[in-house]
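Q: Just so you know, the numbering used here puts 946 at position 121 of the sequence shown, and the rest follows in order with no gaps.
Glycine included, each C-beta is placed from N, C-alpha and C at the ideal position.
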Amino acid sequence: MVIISGIREEYPYLYETHLHTVQGSACGRCTGAQMARACKEAGYTGIFVTDHNWGGNTAVDRKKPWDEWVAEFCTGYESAKAEGDKIGLDVFFGYEAGFHGTEFLIYGVDREWMLSHPALRHADIEEQYQLVHGSGGMVIHAHPYREEGYIPEVRLFPAWVDGVEGINATHSNPQSTAHHDPGFDQKAIAYAGEHHLPLTAGSDIHASRLLGGGVAFRRRLACPGEYIDAILSGEDYVLTDGAYWYSKKGKLLHDE
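(1) Figure out for me which residue from A1041, I1014, Y1069 has the closest Cα to the Cα of G868.
(2) Of the residues D949, Y840, L1035, L1077, which one's Cα is nearest the Cα of F929?
(3) Counting along the chain, where does the beta strand (DSSP E) carrying I995 start and finish?
(4) According to DSSP, simplified to helix, strand and coil, what is G962?
(5) Under a three-way DSSP split, which group does A922 fall into?
(6) Using DSSP bridges, identify the partner residues of I1030.
(7) What did DSSP end up calling T900 once you bin it into helix, strand or coil?
(8) Can you grab the Cα-Cα spacing for the pair Y836 / D910, in whole Å?
(9) Between the Cα of S997 and the Cα atoms of P1023, W891, G1075, which residue gives the shortest distance?
(10) Would you kindly work out how many angstroms separate the C-alpha atoms of D935 and Q848, rounded to a whole number?
(11) Within the continuous alpha helix (DSSP H) that includes S1058, where are the two ends?
(12) Flag this pair as yes or no: are the beta carbons of A861 and I912 separated by less than 8 Å?
(13) Could you tell me whether any non-hydrogen atom of the ligand ATP is closer than 7 Å to the CB of A1041?
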């Protein structure tokens, strides 16, 4: 990571906001516990486990009854949380919702909330937003301009999201070996600005070979609700793809 003078001293609390495990995501390569240890060693304060749900590349059999599906889906998070509690890493629950290649990061909900909302399984994008947002959660459009074979087309829903993942480390970090195209992030930042939506950053990491992306704050966050409040209230924070630092508006930071 390129360290700009004093940036980590000013914003010492770094959070990975986009992370997958092998228990919840078919594309994952490491357990939640392994991911937690790697992130602790890399200097993260906390992580959000955001495995792929039934509409994405989930590792859990979609045919299972709702309660069984949710229970198994949450094992990646629970593995990471148990390890995080041992080693001093804050581990928060989230998930990545998929709609025919268009994906959203969901924060501020938990296992019990999912169990009590089986309508999620058949909700469309608008209904998802209403369910999540109505419960105090947050919906972030993940990598909105990514182009890949599993994404038939770029689809944008500014009315049904609370923010945009403007920095995705797989796009812009030079060490990324997948989805690498900084232009995807540049378009996402411009899109968020056009619609006055806040930006977030994450690594979209699937294994313990980390890229180092995320959102850094001046204070430690006690819970997902504080993360949501910080993003939506305009609190001071910075973004990183693990190689470079950016302002919360997506502007590349550099020494004067």
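A: In short, the structure shows the following:
(1) As a working note, residue 868 is residue 43 in the sequence shown. Among A1041, I1014, Y1069, the Cα nearest to that of G868 is on A1041.
(2) As a working note, residue 929 is residue 104 in the sequence shown. Answer by Cα proximity: D949.
(3) Mapped onto the sequence shown, residue 995 falls at position 170. A small fix is needed here, since residue 995 is Thr in this sequence, not Ile. Taken as a continuous stretch (DSSP letters only), T995 belongs to no beta strand (DSSP E), being part of the alpha helix (DSSP H) at 994-997.
(4) Locating residue 962 in the sequence shown gives position 137, where the first residue counts as 1. G962: coil per DSSP, three-state reduction.
(5) Here residue 922 corresponds to residue number 97 of the sequence shown, with the count starting at 1. If DSSP states are grouped into helix, strand and coil, A922 belongs with the strands.
(6) In the sequence shown, counting from the first residue as 1, residue 1030 sits at position 205. Bridge partners of I1030: L844.
(7) As a working note, residue 900 is residue 75 in the sequence shown. In this structure, T900 counts as helix in the three-state DSSP scheme.
(8) If you number the sequence shown from 1, residue 836 lands on position 11. If you number the sequence shown from 1, residue 910 lands on position 85. Pairing Y836 with D910, the inter-Cα distance amounts to about 23 Å.
(9) Reading the sequence shown from its first residue, position 172 is the one you call residue 997. Of the listed residues, the one whose Cα sits closest to S997 is G1075.
(10) Walking along the sequence shown from the start, residue 935 turns up at place 110. Walking along the sequence shown from the start, residue 848 turns up at place 23. So the two alpha carbons sit approximately 17 Å from each other.
(11) Taking the sequence shown and counting its residues from 1, the one referred to as residue 1058 is at position 233. In this chain, the alpha helix (DSSP H) harbouring S1058 covers 1049-1058.
(12) Position 36 of the sequence shown, counting from 1, holds the residue named residue 861. Position 87 of the sequence shown, counting from 1, holds the residue named residue 912. Remark: C-beta atoms of A861 and I912 approach each other more closely than 8 Å.
(13) Looking at this structure, you won't find the ligand ATP or any other ligand, since it has none at all.
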